[in-house]
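Here's the structure, in structure tokens; my notes come after.
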Amino acid sequence: KFTDLFEKMVPLAVQQSMTVYNSRKAEIVNRLIGQMREATNLSNGVLASLNLPAALEDLSGDSIPQSILEKSRAIIQQGGLQSIDQLIKDLPELLQRNREILDESLRILDEEEATDNDLRNKFGQRWQRTASNDLYKPLRTEGGNVRNVLDKAVQADIVVKQRYGTHREMIALLCKPEAELNAAIPSANPAKTLQGSEVVSVLRALLANINKVKMEREKLENDIKSAQFDMTSKFLTALAQDGAINEEAISVTELDNIYGGYTQKVLQSLKSQEEILGNIQNSHQEFSTMRQSNADANQREEMLKKLAAAHDSYVELSSNLKEGTKFYNELTEILLKFQNKCSDIVFARKTERDELLKDLQQS
Amino acid sequence: SLYPSLEDLKVDKVMK
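If you're matching them up, the sequences are chains S and E in order. Counting with my numbering, you get residues 4 to 366 for the letters of the first sequence. Counting with my numbering, you get residues 385 to 400 for the letters of the second sequence.
Encoded structure:
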């Protein structure tokens, strides 16, 4: 049952090539997924602004359109208002906890350095050891890097708080029970029965198409994320054959093999969305001219649009909040390691200092 | 993503 502890060990050149390869891969994966998510957000925004699909479902003019009901249930099911209220309340505490660990770690370095300097002044040449200031430079650089990251995180928190402030009210409305939600939507006398009309069925088909494109993207995103290829053996062979690794050439070729196909599919997905959205906007033009527009209908439509958009804001906001929470928790782990490094070295310095003092007092 | 990446902070001494 012997497992070779050194099984994964590879020459440093291979390890470094792997690091560069992985960051190239991450860049491609993030770009592809980012493009698709951005396109989906755009599509959601366009549909919400056209009050689609709600406008097609809104027959009676006084009951909640099916798509709005589904959106309401979806976010209630994901935790609704309480979950984002809680996450937004926790953010400052998470930030503060990280700051305290960082400040405390740097404080003990400063404190030890101060005593080292005092003793150096007192004993002059006889205080034979490296100055704490030199010794702590790398740790202080690392501390500085963490502070920069924390400052950027604070900016992100501000963005999240602003989004929360802007959208909380509508999200709260969308989270209300059906009766209250329905009461909040201005009613309008029933739209002229457009059901049979050609443009409604065209719009319905187009909406089905855009949904299909979005569903395909979810699968594509999973495929892209799960694509794996063990480059280690490729780099090892290259090193063995040529004595060196042309990382860029090998990586670029391999990455193209793995992600070339996906890149095409993503571009195709963006292209078909653009086409479908164009058609939707044209058909919607026709659809809205046919419907009688009056104050009540317009008011109702405005509210339905806001409710549809509130769902998208909720999805975005809760993903931002989860990302922030994960960020701060991961940073805390890094900071605890950093704090250990600082307290270990300070402890060692104190032990060394006491011994040196003892020798000096004896001699 | 909104929040900065922690990758650089995670890089251990060996890689520097």
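Don't be surprised by glycine CBs; every beta carbon is placed ideally from N, CA and C. Predicted model, so just to flag it, every value in this text is computed and none were measured.
Per-residue contacts from residue i into chain E (C-beta, under 8 Å)
i: G147/S; result: Within 8 Å Cβ-Cβ: nothing; G147/S doesn't reach chain E, min ~11 Å.
i: F1/S; result: In this structure chain S extends from 4 to 366, so residue 1/S is not present and cannot be described.
Neighbouring residues, chain E, relative to residue i (Cβ below 9 Å)
i: A351/S; result: Chain E residues near A351/S: none, gap ~17 Å exceeds 9 Å.
i: I337/S; result: L390, L393 and K394
i: E326/S; result: S385, L386 and Y387
Neighbour flag for residue i against chain E, beta carbons, 8 Å
i: N323/S; result: yes
i: K11/S; result: no
i: K361/S; result: no
i: L334/S; result: yes
i: F330/S; result: yes
i: V216/S; result: no
i: Q364/S; result: no
i: A16/S; result: no
Beta-carbon spacing of residue i, residue j below 8 Å
i: L184/S; j: I67/S; result: yes
i: L390/E; j: V162/S; result: no
i: D315/S; j: G48/S; result: yes
i: L360/S; j: R132/S; result: no
i: C178/S; j: I78/S; result: yes
i: L307/S; j: I188/S; result: yes
i: L320/S; j: I71/S; result: no
i: I257/S; j: K237/S; result: The question names Ile, but residue 257/S in the sequence shown is Glu. For E257/S and K237/S, yes; Cβs fall inside 8 Å.
i: L142/S; j: L176/S; result: no
i: L338/S; j: V32/S; result: no
i: S46/S; j: K217/S; result: yes
i: Y265/S; j: D299/S; result: no
i: R352/S; j: E114/S; result: no
i: D160/S; j: L84/S; result: no
i: R220/S; j: T43/S; result: yes
i: N101/S; j: T335/S; result: yes
i: R303/S; j: S190/S; result: yes
i: M12/S; j: M234/S; result: no
i: Q38/S; j: L273/S; result: yes
Partners in chain E for residue i, counting only beta-carbon separations shorter than 7 Å
i: A159/S; result: L386 and Y387
Below-8 Å beta-carbon distance, residue i vs any chain S residue
i: M399/E; result: A caution first: M399/E carries a pLDDT of 42, below 50, which makes its placement in the model unreliable, though a value can still be read off. Closer than 8 Å to some Cβ of chain S, the Cβ of M399/E qualifies, so yes.
Quiz item: Taking any Cβ of chain E, which residues in the segment 162-173 of chain S have a Cβ under 8 Å from it, in chain order?
Solution: So the list reads V162 and V163, given in the order they occur along the chain.
Quiz item: Any chance the segment 142-157 of chain S sits against the segment 269-281 of chain S, with 3 or more Cβ pairs inside 8 Å?
Solution: Taking 8 Å as the limit for Cβ pairs, the verdict is that the segment 269-281 of chain S does not touch the segment 142-157 of chain S.
Quiz item: For the segment 220-233 of chain S, which residues have a beta carbon sitting closer than 7 Å to at least one beta carbon of chain E?
Solution: Shown here is that no member of the segment 220-233 of chain S has a Cβ falling below 7 Å from a Cβ of chain E.
Quiz item: How about the segment 329-346 of chain S and the segment 93-108 of chain S: do they share at least three Cβ pairs that are nearer than 8 Å?
Solution: Yes, since at least three Cβ pairs between the segment 329-346 of chain S and the segment 93-108 of chain S fall closer than 8 Å, the two stretches touch.
Practice problem: Can you give me, in chain order, the residues of the segment 265-277 of chain S that have a beta carbon less than 8 Å from any beta carbon in chain E? | Solution: Only those residues of the segment 265-277 of chain S whose C-beta falls short of 8 Å from the nearest C-beta of chain E would be listed, and there are none.
Quiz item: Should the segment 10-19 of chain S be called in touch with the segment 200-215 of chain S, which here means at least 3 C-beta pairs below 8 Å?
Solution: At 8 Å Cβ cutoff, the stretches do not touch.
Quiz item: Using Cβ-Cβ distances below 7 Å, what residues of the segment 130-155 of chain S are close to chain E?
Solution: For the segment 130-155 of chain S, which is checked against every Cβ of chain E, the residues closer than 7 Å are N148, V149, V152 and K155.
Exercise. Take every Cβ of the segment 133-148 of chain S, pair it with every Cβ of the segment 53-65 of chain S, and state whether three or more of those distances are shorter than 8 Å.
Key: Put simply, the segment 133-148 of chain S does not touch the segment 53-65 of chain S. Fewer than three CB pairs are less than 8 Å apart.
Quiz item: Counting pairs of beta carbons, one from the segment 324-333 of chain S and one from the segment 90-97 of chain S, are three or more of them closer than 8 Å?
Solution: Enough Cβ pairs lie closer than 8 Å, so yes.
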